[in-house]
Structures are given as structure tokens and as C-alpha cells.
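Q:
Chains as they are written, first to last, in our numbering: chain A, 35 to 382; chain B, 35 to 382; chain C, 35 to 382; chain D, 35 to 382.
#1: If contact means a Cβ-Cβ distance below 8 Å, which residues of the segment 147-175 of chain D contact chain B?
#2: Just the C-alpha distance for residue 457 (chain B) and residue 174 (chain B), rounded to the nearest angstrom, thanks.
#3: Please check if any C-beta of chain A sits within less than 8 Å of the C-beta of residue 192 (chain D).
#4: Determine, using beta carbons only, whether residue 222 (chain D) comes closer than 8 Å to chain A.
#5: How close, in whole Å, do the beta carbons of residue 107 (chain D) and residue 135 (chain D) come, if the pair is a contact with beta carbons under 8 Å?
#6: Grouping DSSP H, G and I as helix and E and B as strand, with all else coil, what is residue 91 (chain B)?
#7: Examine chain B for any beta-carbon lying closer than 8 Å to the beta-carbon of residue 227 (chain D), and answer yes or no.
#8: Please classify residue 241 (chain A): does DSSP put it in a helix, a strand, or coil?
#9: I'd like to know whether the C-beta atoms of residue 212 (chain D) and residue 48 (chain D) end up nearer to each other than 8 Å.
#10: Do residue 176 (chain D) and residue 150 (chain D) have their C-beta atoms within less than 8 Å of each other?
#11: Decide if residue 282 (chain A) is buried, meaning its Cβ has at least 16 other Cβ atoms within 10 Å, or exposed.
#12: Can you pull the chain C neighbours of residue 241 (chain B), defined as C-beta to C-beta under 7 Å?
#13: Beta-carbon of residue 90 (chain D) versus every beta-carbon of chain E: anything under 8 Å?
#14: How is residue 80 (chain C) classed by DSSP in three states: helix, strand or coil?
#15: Are residue 153 (chain A) and residue 333 (chain A) touching if we call contact CB-CB under 8 Å?
#16: Output needed for residue 198 (chain C): all residues of its chain with C-beta closer than 6 Å, excluding positions within five of it in sequence on either side, in chain order.
#17: Given that residue 268 (chain B) touches chain C, what residues does it touch there, using C-beta distances under 8 Å?
#18: Can you pull the chain B residues whose beta carbon is under 7 Å from the beta carbon of residue 77 (chain D), in chain order?
#19: For the segment 76-90 of chain B against the segment 38-57 of chain B, are there 3 or more C-beta pairs whose distance is under 8 Å?
#20: Have a look at residue 346 (chain A) and residue 193 (chain B) and give me their C-alpha separation to the nearest angstrom.
#21: Check each residue of the segment 314-331 of chain C: if its Cβ is closer than 7 Å to any Cβ of chain A, include it; give the result in chain order.
#22: Report, in whole angstroms, the separation of the C-beta atoms of residue 325 (chain D) and residue 272 (chain D), which I expect to be a contact under 8 Å.
#23: So what's residue 252 (chain C) in DSSP terms, helix, strand or just coil?
#24: Taking C-beta to C-beta, are residue 302 (chain D) and residue 313 (chain D) nearer than 8 Å?
#25: So, under 8 Å CB-CB, residue 110 (chain A) and residue 216 (chain A) are touching, yes? Tell me the CB distance rounded to an integer number of Å.
#26: Checking 8 Å against the spacing of the C-beta atoms, do residue 43 (chain B) and residue 116 (chain B) come in under that value?
#27: Am I right that residue 181 (chain B) and residue 356 (chain B) are in contact with their C-beta atoms under 8 Å? What's the rounded C-beta distance?
#28: With 16 as the cutoff for other CB atoms within 10 Å, does residue 189 (chain B) come out buried or exposed?
#29: Which residues mark the beginning and the end of the alpha helix (DSSP H) in which residue 126 (chain C) is found?
#30: Run through the segment 141-207 of chain D for me and flag every whole alpha helix (DSSP H) of 4 or more residues, listed as ranges in chain order.
#31: Give the interface partners of residue 200 (chain B) over in chain A, defined as CB-CB distance under 7 Å, in chain order.
#32: The beta strand (DSSP E) spanning residue 342 (chain C) covers which residue range?
#33: Give me the DSSP bridge partner(s) of residue 265 (chain C).
#34: Pick out whichever of B:58, B:170, B:183 and B:344 has its Cα sitting closest to the Cα of residue 155 (chain B).
#35: Could you confirm whether any beta carbon from chain B is found closer than 8 Å to the beta carbon of residue 86 (chain D)?
#36: What would DSSP say about residue 347 (chain D), mapped onto helix, strand or coil?
Pasting the structure below:
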């Protein structure tokens, strides 16, 4: 099979490194270009990059010379791990030039005609690209914390309707990129604030779980109350969630577990390369999921649910966990690209 | 002033060490007896105790010989830092013998005639001791996480009424005692479960904020939805809280801040020795309070509130923080003893 | 190929879990029996075991029923991850019964006729088993910190002779087993003491690098000054090492790097299943090796060297790193078994 | 007593904050000016400063308006917590203007006529200021790791002579300033490299323990082999040390302990305000000193020694610990100023 040439924007950053790692040996894609900031121009990737993952830089990519975002690119698909401070106009420019930009940056997520996709949840939102002004397209995935919450809410909404959501996150330091959080701020500490994160969780969740109508996307209406914290964990965002259902016939816990466990979507049906076999795994031990122990399983693409139980105010409460830089970032983008192709949107 | 002789039960444990530290040089109390498990019988305290605080064992106490709970005690007031696995019958026996047991253990907290006291909040509950079958008495303070939550809810309930509470905790390892949490379980990890903790928060909060009637204590009725987590923090429990008020006239944030800031209780009025000048301090920086940076201020006796803001579902959300082994445990007991004396319940 | 049936002693412990993980899908071995403490007798492995690794319990083993060390075993080869407090007599008994016990426990390491093996370094020491009084045999691997030090010293000794060694270790918490180090002792802390560790490093290194003569094993004579510390790291022991050579012609750093990099031994020559392609990897970045980033590479079987440079007192100094529960424990035992078979010592 | 007006240079940094904390309520000094980088010019200190200590900004200083290093200063004594990247010329300029600059920066430490002082060890080196070309003077204290090592070596050198030193450090993150070490680099990790640190330990130790002769300072000649590591500890540098003595009559451990314990210097004789009663405390428990538990005792001004024992190669080995931002930085400077005044060097 001929692999599609792709480029990685922001290739030396935390998310960019995950892109490089996930796309190495990918069945459908082949990295042909790496783009980083001007200070790295002309360097080999292994020199430009302060590699932070605990396996080596892939041999096939280590010596690739890094380009800058001023350079024209040949790859039709670009994966963007660009920082939000610069991503907006760069992604637009490349989309105007005809590239399909599969972006993890937040800049365009809430644009009305940019799909914010979880392929298991809302692949029909891809159709928004037809409304875009670009020769190419921009496709986004959600904020990492939003990803795991929306994944879990999707089957629950379909089965029982959602009235409201309370969520508190305990987020890993790798979610802040590198250098990111100073050690002096987080060692033996909790920072009860992450700029913009609560707003993203509240808005992006509504967009992802919204529906496509004649006039575009109609967001879901249930309110989300989010409180976001940084904790001294390397990888994995843990979330405590209370869900209040719309249905008057309150489901019992076994029924909720069944709905979550049996959930499947497009990536599973089409057997996409990066798809987890089962998007949501419910753990029954009372002290799981835990980021250190669970988040690396199944290539970091699974969303874990644990401590499923009745809530004294809402209907159920539970703990949700996912790998923030894989399923919550680079892995989400890669799966988005696979789904985009599987649905014959590409070439645009 | 003659200082009242006191004993510490469970003197070598994590809470016991805080008792020893807080009672050293106390204006009203003087430690005359230390009680620990039989394996330490006859040892000097400095040898019996694996001292974990970051200042030295007080000189006045280092060489005191440790007794066991089978020994008769001369001190009229006993501070109990006993582990829940043994505290129940030992505390009862001493109370029957005429001692006033000021306990941090959970065993008797929910007994109908045992007061569960925060002196700023419900000093009138001390009157329950008159219903006790003991020649002495048992007085308890709450679970550490409950302490900070109830402290904050008390003035809010008085001003606006409470309809419901959602709380998620991020609790320090020192709350589990020693040896407590294995490092392999918590380094770079979150454990989303603490046995019995959620139930304690849900029930103890209702008891503390309940009212004394002719037939005894009537618990408050608002439901509490609690989700408790252990995080890699040494001292300080952080809690994210959403409060829904009863009052139809929703207060604005400035009014809520004012109510919290101006809250004072018996310890402040009577200028009790261990009382913080201001029981609740509201911080305005958007990333505070933080356990490492705030929890040691004002001798660990203050409850901090931060990130006070409107909630999309309930009325307000905020972050609450307190020192779990001081205000949430040993310091709470010591302040209870001071209040008990100030209200002339002692000698019983 | 018929796989040899093996058993794991101490199968539920930290090292035992690594045995289970490494032996699952092993080309030569097949786990047929799991032995744990009496309190787990009759339980399925997945229930008996508090599994701590960040992948799942292998399916093939999850439901195996756990035996106790009183039970007779059918497997000819037993891997022992038993705790030192019980390993001694149990291993002896099984060896008398005819089993080959490949042990990670320290009890028999210094027995004169028990080989203490690193297959790259001293495979000729296997011949000591002929002096053993057992129908079977006991084969041991070294203490984890000793492993990485001895691996690095072996080629240096061959090339330049060793006059003396100064080593300071910074050891991971997983080296202390589970529950092991209490979090209250190690969070944001260093414990400058590990019971027995310095003596092991000083003595085991001399035995491993010793030579076999007519009268048995003659230990190497160079003195080792070891200082062992526990640090808040999950996996991976880091060691700072100063080496003083015997040779009067002091080698330059490039020559030392070459000697380390080109070192190969029996496992590489025989292409043993668990052998790293290259036993020692020298890293050139000035801030490597680092436990979190390097220790999981190459299946945890490599010893890393970094910061190779001249020393103002001895000849060279460097940093050494290895995975303490894999190459430093279970992986070492598995490789020992593979080497034992490759050298036709098995069946005994 | 009239307190001498002083200024703090680099007042908002990690060391600057410790200066502010230590000088608040100081018996001899009164902060009248705070100097920070131009971006903070004109701000109040509490706004300019991202305060990181776990008590509050002193009230007396919180509202002081911050100056820049271009401003003329009125205080005769300046405490410099400036970063090395800028300290050199700024300190020189102020010294030329007549100020006494008491500096923690490394820039001028190795200048031949700049004294590098530990008041307990080499107060006679203050006389070097007479050789300086400044109307004022520059006085420096050592690198933090050097401080604790030199303190311990001073009495040992006097008693037994020093032949050589091997030292490995495990250094706290607060030693790297703020933002300093990224959390992604140090959580559950060791970084076996700190730029320039080993050279500083090797050279500064020789200067401090050198002697003043007719032609200036003659450094001590014994070689120091240093290996420096960063570990996930908030405050406190731990060092493993092997000392080889010159004396042919090797002292026993009790004699070494006695020499260390009985060591006193100028700060103790003159009862200087910031002086610890005893500069070196030897701990006898086999797992001490530990940074989290010991480093905050006695106001962070003590150097702790533990695990004093014979070494198989050199004469003794031991563990050394001190508070890197107090005794190892700001507290060292403050004590230097007190000693400078006590010896009547001031006013210059």
C-alpha cells in the first residue's frame, strides 16, 4: 500500500514528538517533512529536538532536516502540534494552499465551520469542511480533558440524555508542554488553575455532542461545570464526573456499565489503524483507573472509567482517565486523519 | 497560670506527633503522659517514636517514658490520635473512668450523643455530652476533608441556605498516617479512592451543620456528593466545591467573599490559644490556594478559599484548602479542648 | 520448539510480577506453576496478586491457581523472586529435590559454591554448580546496583585492570518491593541509607569479577567504596562512579568509551532470547542517562553509561544506569537461565 | 540600636525572596531598597514578585516600590541575589560607587582579591578587600554545595589534614531558581548534570580552605572529585563524601565526630544574629540526615552530617546536608555581612 506523505508542524514540541512516534511505521502515513520554529531551521531533527519520550527518536526520522513554517510543503496532509500562540494563522495559510491540516491546536476548534471531531462520537461533523473557505481543510480534535469526558458522555447521551455534568480534573504535567510547568510549582503541590481549560471543557463538549442541521452545527445544550487542576503526575488526566440524566427512568449502574462497555464507533467498525478495539474500558477494582498504571495500556488510545456508582445528587458518579498526549492530542489527530480518509473526504 | 495535665493516646503516630508538637509550650495544657502501643511500652518517647515532623522532638517530652492503653492515667484530659482500628473501646473505657477524651478518631463521631465539633461552627453541640453515659466524656472532631468543607459551608448556610454540595478532594499522603500510602502507589499517580472517606464527608457534614433540638441532634438535610482522591502531596487537602444555595436571591461573588471573610466564631471571640485570627481566608490570585505554599501559614489553623466564581449549574464554585494533620486533626482536637473549657464544661 | 516448563516462586511480589511479564510469550520457557505465600493459596493469580505493572496481567496466566512453597512442583526450572526473609531454606529444599533454582534472592549469593552470574561477565562461574550438594542447583544473580556496576567494570578490568572504585547510588523505590518505601519517607526527600546494600555492592562485585581456580572461586581484590541512597524515582538505579585503573598507561576517554561500547559476551554471541544486542550503551549528551527517559529502552536489559570524563583523583568518572527490576532482577535471572541452558548445564 | 539600611539586588528571585525573608525583623539591618529587573520597575514588591515561600510576603516590604539596577541606591550595604547572567558588571559598578556588595552570585567568587567567605571557616580572608580597586567592596559566599562540604572539611583539615575528597551531590530543585527545572525533566527522575557545578565545587573549596600569604590567597592543594545531580527534592542538598586524611595516625570515628561537633567559629564566638549555635550537627540515626526532615531545623543555618563510618579506600565516608537557599545562599550572605561588621571592616 502506498503511504500518504505527511508533515508534522511543531514537530519538536511535546505533542509533535508524539506525532513523530505514532507516525513512525504507520500503515497509511509516511512523514516526509518536519516543521519547527525558525531557530531550528536546517538542523537535523535529532539535534533540533529535545526528545522527551522514553524510547529513542525513530531512526527513519532522526536525520531529517527541519523546515520552518515559511517553507512550502509538499505533503497533502499536515499534522499540527503547533502551540496556540502561533498555530492560528499558520494553519489557515496552509489550508488556503490546499493542505488538509489535522490540528491539535485550539485556535480554530470553535470556528463554526471547523469540525471538532472524535471519530467514535461525531464523524458526521466532518461534513462541515464543505463550508470552509479553504482549498484544503482544517480538522481539529478537542482539548485533552474534553476528549475523555466527551467520549464517555456520547453513549450516555444516546441512551439516557444528559441534563448536566460536574467535572473536576487532575491533569498531568505533560499536558502543559515543555518546558511547561516549573518543578518548583508542582512538586508535592496542586495548582488549582489551568488557563482557559475550564472554558474549553464547557464549550468544546457542547460542540462535539452537538448535531449538524441545515444551518450548520447546533451545540448540545446541557451545562458543564468544570474545575481544572494540575497535579504532580507525568502522563494521564484523571477526572471525577457526576452525570445527571434526562431520562425519567433512572438506569441502574449495571445498565450504565453496559452502555459504556458496548460503545463502538466508526474507528472500530472500519478497523482504523490507530483505533482501540474498545474505546471505553470500565474497570471494576475500587481504586482504579490510575494514571501511572492504566494510561499506557492499549497504546494510550483507550478511555478508562472506574468507580461507577450512584450519586446522592445527580444520577451517577465515576472516575474517567485517558492519556493526554496520545488519545488526548497526537493520537486523536492521527485517528481523525484515518477517519477522514475512511469516509472518502480525502483528497478534498 | 496552672496548666491542665493532659495525656496523648496514640502518641507515636502521625496525628500523635502533631499533638505532641502543638501541646509543647501550650498555655493551658501540659503533657504528663504519653500512650502508645504495647510494643513501645517502657521506651522513652524519642526511641518509641519514628518522628516525622521537620523540627525536633520537643526536649521536654523526648525522654518521657511511654505507657500503654492498659495503664491507668492521671491526666483528666486525653487527646486521642489513636488509629480507628483500636480507638473505639479504648476511648470508651477512659471516658467511663472519668476522663474527657478529645478524639480525632472516627469511631464515635456519629454516636448520637457524641458531639462532632468545629468550635467556630457548632459549639452548642457540646451540650450533647450531658446525654453521655460516661463519668467523663467523649468529644470528637471531624474527618480532615469534612473540616474544611464544613468550615466554609457554615457561614454560607447561615447567609444563604444550602441546597446541595458537590465536592472533589485531592488529599495529601500524611492523611493516611504512617507507613500509610506506599510510594509505589502514589509517585506520579492519583489514587481515586480513599476507603470510607466519601461517606464520612457526606454524613459528618450533615451532623456538624445540624441543629440541637429537644430530642437531640437533627442533621442538616442538604445532600453532599463527594469524590475523594489521594495525590502526591505531603500536607494539605485541596477540594473543589460547587455550592447550590437555597435563597432565591442569588448572592453575587463579592457578597459571598464578604460572608466568608467576615466569619468569626467562639474561638475568635474568646481568643482561644490555638484559634486562627480569621478562620477563613479568601485568596484572590487565580492559582491559589496551593497546598505547598499556603497550608503552613498561620500555624496550619486557617481554611483557605480561592477561585471564587459563578458556576454554570449551581450558584458558586471555589477551591478550599486546609492542613489535614493540624486544623484537620490534632489542631482541631486541641481547639475543641480549649473551647470545651472556655464554655465551662470542664471539669465535667 | 518445546518450551521448558518453569515455575515462579514469590510470583505476586514486585520481582515476581516482572518474572511473569518476561516469561509470558518467552521462546524457551512456559510458566506452569506460580508459588506465593500461604495466604494466597488456591486463589487465581489475578486475585492473589496486587498487579503493579503498567500493562495488564497476561491472559495466559491470570487464571492460574497459586500454589504455596509447601507444594511439590513439577517444573524443572524455578525462578525465585522470593523475599530474603524466607528464600534461603525454600530454595535449598527445592534444589535438594532436583530443581534448578534461578534466584534473585540474596540469601545464597555469597555461598562459596553458588555461582553469582552475569552471563556477559562470568559465565565460567556456572561450573561452581558441580560443587553443590544439591541434586538440582542454585544459580543467583547479583543485587540490582551491583549488576550495573559489575557490567561496566568487567570490560574495564579486562582492558586496564581495576585498582579501586568509588560509587554512590540513587536508587528507585521499586527496588524496595511492595509496599516497600512509605510515601511519607520519600516524597521530596532522599533517604541516605539502604540496609545491607553497601555491603552487597562491595562484596558481590568482588565475587562476580573474581576468577575460578582449582580451589573454587577467588574474589577480585580491588576495594569498592559504596554509598547507597533512595530517591523519589519509580524505576532505574543511577550510580556515580569513579574508577582508578591499574595500568600505568592511563587510557584516554575515547579508548574507554570504545572498550565499553564494544563489549560483548556470551548472551550476544549465542543470541540468547533476552540478551540486549549491546550490553552497554554509552550516551554522549551531557545530561544523560536519566532513569525516566532511558531505563525502559531495549526492554530494560541495557546498562547505560554517560558523562564519561577524567577524574581529578582517580582516572575516570561516569554515570551508570540500569533498570533495577528487569536487568537488575527478574531479567537477570531469566538471562541466567538462558545462558545455563546454552552452556549445556541443563538438565543437571 | 540603629539598623543599617540595606538593599536587595535581584529581590524577586528565589534567593532574593530568601533575603527579604531573612532581613525582615533583622536586628542589624533594615531593607530600604529593592532592586529587580526593568520589567518590574515601579511596581510594588508584592506585585513584582511571584512569591514562592510558604509564609507571606512581610508586611513591611510588600508595598515597597521596586527599583532597577540603573537607579542610584542610598543603602551602604547591598545584598545581591542577582542571576549570574547579569550580576558581574552590576556588582562591580555598585562597588565602584562605594557600596559594600555582599553577593551570592558566582561571577566574582574566583577573583583573586574577592574574599569567598564562610565566617566559621576563613574570616581572615576578609582582608583581601584591602586589595580591591573599589571604593566599596565585593564579598562573596560560595556555591551552595560547596558551602556544606567546606564547612565540614574545615575542622577535619585543621585536625587531620586533607589528602583528597570524593563527593557526589543530590541537589534540590530550588537551587536552580525559578522557573528553573521543568517538571517534565525531574518528576520521578534524576538529572546527572548541573552546568558548572562540579567545577565550582572543585575550585571554590580549594579557595575557601586556602591561606592568606604575603602575595594574596594561596588555595588549598587537595583534589576534589565532584559529581553533581539534580533530584526531585524541593529544598536541601544531600552529599555523599569520602575523605582521605593526610595524617598517618588515622583517627577513629568517635574522634572525627568529636572534631565536627565541637567545631565553632567567629559567628558563634561573636554570637552573630544569624549564626547557628553549632555550625555542624552530627546525627546518629543510620538513615539521617534527610532533606525533607532535617533541613528546616535551626532556621536552615546548620550543616548536618550523618552516617559517619570508615571507608574501604579513603579514611571516612559520611553524608552531608544543608539548606541550599538559606545557609547555601541568602543566609550565607547575611552572615557574611554580620561578620564583616563584627570584624570592623565596615564602614569601608
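Note that beta-carbon positions come from the ideal geometry of N, C-alpha and C, so glycine has one too.
Computed from a prediction, not measured in an experiment: that's the story for all the values here.
A: If we stick to the structure as given:
#1: none
#2: The requested residue 457 (chain B) is not part of the displayed model; chain B covers only 35 to 382.
#3: The residue you call residue 192 (chain D) lines up with position 158 of the fourth chain. False, the Cβ-Cβ gap to chain A never drops below 8 Å.
#4: Sequence index remark: in the fourth chain, residue 222 (chain D) carries index 188 (1-based). Closer than 8 Å to some Cβ of chain A, the Cβ of residue 222 (chain D) qualifies, so yes.
#5: Here residue 107 (chain D) corresponds to residue number 73 of the fourth chain, with the count starting at 1. Here residue 135 (chain D) corresponds to residue number 101 of the fourth chain, with the count starting at 1. So it is not a contact: roughly 10 Å between Cβ atoms.
#6: Looking up residue 91 (chain B) in the second chain gives position 57. Coil, per DSSP.
#7: Walking along the fourth chain from the start, residue 227 (chain D) turns up at place 193. Not one chain B Cβ lies under 8 Å of residue 227 (chain D).
#8: Here residue 241 (chain A) refers to the residue found at position 207 of the first chain. DSSP places residue 241 (chain A) in helix when its eight states are reduced to three.
#9: Start at 1 with the first residue of the fourth chain, and residue 212 (chain D) comes out as number 178. Start at 1 with the first residue of the fourth chain, and residue 48 (chain D) comes out as number 14. Going by C-beta atoms, residue 212 (chain D) is nearer than 8 Å to residue 48 (chain D).
#10: The sequence position of residue 176 (chain D) within the fourth chain is 142, counting from 1. The sequence position of residue 150 (chain D) within the fourth chain is 116, counting from 1. The answer is yes: Cβ separation under 8 Å.
#11: Here residue 282 (chain A) refers to the residue found at position 248 of the first chain. That one is exposed.
#12: Stepping through the second chain from its first residue, residue 241 (chain B) is reached at position 207. Near residue 241 (chain B) there are no residues of chain C at all, since even the closest Cβ is about 30 Å away, more than 7 Å.
#13: Among the protein chains of the structure shown, namely A, B, C and D, there is no chain E.
#14: Walking along the third chain from the start, residue 80 (chain C) turns up at place 46. Here residue 80 (chain C) sits in helix by DSSP.
#15: Within the first chain, residue 153 (chain A) is the residue found at index 119, counting from 1. Within the first chain, residue 333 (chain A) is the residue found at index 299, counting from 1. Cβ distance not < 8 Å, so residue 153 (chain A) and residue 333 (chain A) don't count as in contact.
#16: The residue given as residue 198 (chain C) occupies position 164 in the third chain. So the qualifying residues of the chain are 256, 257 and 278.
#17: Mapped onto the second chain, residue 268 (chain B) falls at position 234. Chain C residues near residue 268 (chain B): 218, 221 and 222.
#18: In the fourth chain, the residue the question calls residue 77 (chain D) occupies position 43. Chain B residues near residue 77 (chain D): none, gap ~15 Å exceeds 7 Å.
#19: yes
#20: Numbered from its first residue, the first chain carries residue 346 (chain A) at position 312. Numbered from its first residue, the second chain carries residue 193 (chain B) at position 159. The alpha-carbon atoms of residue 346 (chain A) and residue 193 (chain B) are separated by roughly 24 Å.
#21: 326, 327, 330 and 331
#22: In the fourth chain, the residue the question calls residue 325 (chain D) occupies position 291. In the fourth chain, the residue the question calls residue 272 (chain D) occupies position 238. Yes, they are in contact, since the Cβ atoms of residue 325 (chain D) and residue 272 (chain D) sit about 6 Å apart, within 8 Å.
#23: Along the third chain, one-based indexing puts residue 252 (chain C) at 218. Reduced to three states, the DSSP call for residue 252 (chain C) is strand.
#24: As a working note, residue 302 (chain D) is residue 268 in the fourth chain. As a working note, residue 313 (chain D) is residue 279 in the fourth chain. Yes, Cβ-Cβ distance for residue 302 (chain D) and residue 313 (chain D) is below 8 Å.
#25: Here residue 110 (chain A) refers to the residue found at position 76 of the first chain. Here residue 216 (chain A) refers to the residue found at position 182 of the first chain. Actually they are not in contact, since the Cβ atoms of residue 110 (chain A) and residue 216 (chain A) sit about 40 Å apart, beyond 8 Å.
#26: On the second chain, position 9 is the one that residue 43 (chain B) refers to. On the second chain, position 82 is the one that residue 116 (chain B) refers to. For residue 43 (chain B) and residue 116 (chain B), yes; Cβs fall inside 8 Å.
#27: For the purposes of this step, residue 181 (chain B) is identified with residue 147 of the second chain, where counting begins at 1. For the purposes of this step, residue 356 (chain B) is identified with residue 322 of the second chain, where counting begins at 1. About 6 Å separates the two Cβ atoms, so the contact holds.
#28: For the purposes of this step, residue 189 (chain B) is taken as residue 155 along the second chain, with counting starting at 1. Residue 189 (chain B) comes out buried.
#29: Translated into positions along the third chain, residue 126 (chain C) becomes position 92. It spans 118-130 - the alpha helix (DSSP H) in which residue 126 (chain C) sits, taken as one unbroken run.
#30: 178-194
#31: One-based indexing of the second chain puts residue 200 (chain B) at position 166. Within 7 Å Cβ-Cβ: 200, 276 and 347.
#32: Position 308 of the third chain, counted from the start, is the residue given in the question as residue 342 (chain C). First-last of the beta strand (DSSP E) with residue 342 (chain C): 337-344.
#33: One-based indexing of the third chain puts residue 265 (chain C) at position 231. Residue 265 (chain C) is not bridged to any residue.
#34: Counting from 1 along the second chain, the entry for residue 155 (chain B) is found at position 121. Of B:58, B:170, B:183 and B:344, the residue nearest in Cα terms is B:183.
#35: Taking the fourth chain and counting its residues from 1, the one referred to as residue 86 (chain D) is at position 52. Answer yes: the Cβ-Cβ gap between residue 86 (chain D) and chain B drops below 8 Å somewhere.
#36: Position 313 of the fourth chain, counting from 1, holds the residue named residue 347 (chain D). DSSP places residue 347 (chain D) in coil when its eight states are reduced to three.
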